[in-house]
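**Student:** Below are the structure tokens for one structure; questions will follow.
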């Protein structure tokens, strides 16, 4: 399902974020305090997607932090040549932000606020690993309509060879569209919420938000 959401994001939106040529901080700000665990949850789990730049390495990409599933995922590019998708378990240990790379390796860092709505990951030795900025979503020339979205999603499922899943309905919900997916037997699979003005898509949480 996360693969589907990531592909939809790539299909529907264009983004801008931190530039690899920007002057990036290499150490934690003097006198600044790292975010608490609750503050990390509020910032990273807000539903905002971020662009990132690796400090000291030619790595850029995007990331989405999902509180409901305890995962982080996105796309990456190394020197804008080697590109791909990444995803891994995400957790918050006290006031540290942790990513699990393998069953035997979990890396935790402190999070500091940076810029307007962004943040940086700082390792225990005080060095900055990654700098994040909120992704900028450009509006679509024409807002999305339910029939258009149903057709796009159905074609995507066909292309991705997922005959066991189909789009049951796409309905209007305020400024958004909600697409409901079902299994072959008609049982619910998942839903996808899309902003009609931008095309931005995400999986609603358990409360439907």
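In this note's numbering, the protein residues as written are 4 to 212.
We put the beta carbon where it would ideally sit given N, CA and C, even for glycine.
1) List the whole-angstrom C-beta distance separating residue 184 from residue 169, where the pair is believed to meet the contact cut-off of C-beta under 8 Å.
2) Residue 203 by DSSP, collapsed to three states: which one?
3) Between the C-alpha atoms of residue 59 and residue 122, what's the straight-line distance to the nearest angstrom?
4) Taking the alpha-carbon of residue 157 as reference, which of 193, 202, 80, 171 has the nearest alpha-carbon?
5) Quick one: give me the first and last residue of the beta strand (DSSP E) that residue 149 is part of.
6) Helix, strand or coil for residue 143, going by three-state DSSP, please let me know.
7) Can you tell me which of the three DSSP states residue 84 falls into?
8) What does a CB cutoff of less than 8 Å around residue 178 pick up in its chain, not counting 5 residues either side in sequence?
9) Mind checking which residues open and close the alpha helix (DSSP H) that includes residue 195?
10) Under 6 Å Cβ to Cβ from residue 82, same chain only, skipping five residues before and after it: list those, please.
**Tutor:** Result, derived from the coordinates:
1) 7 Å
2) coil
3) 17 Å
4) 171
5) Segment 149-162 is the alpha helix (DSSP H) holding residue 149; no beta strand (DSSP E) there.
6) coil
7) coil
8) 198, 199, 200
9) Where residue 195 is concerned, there is no enclosing alpha helix (DSSP H), although the beta strand (DSSP E) it sits in stretches over 191-198.
10) 61
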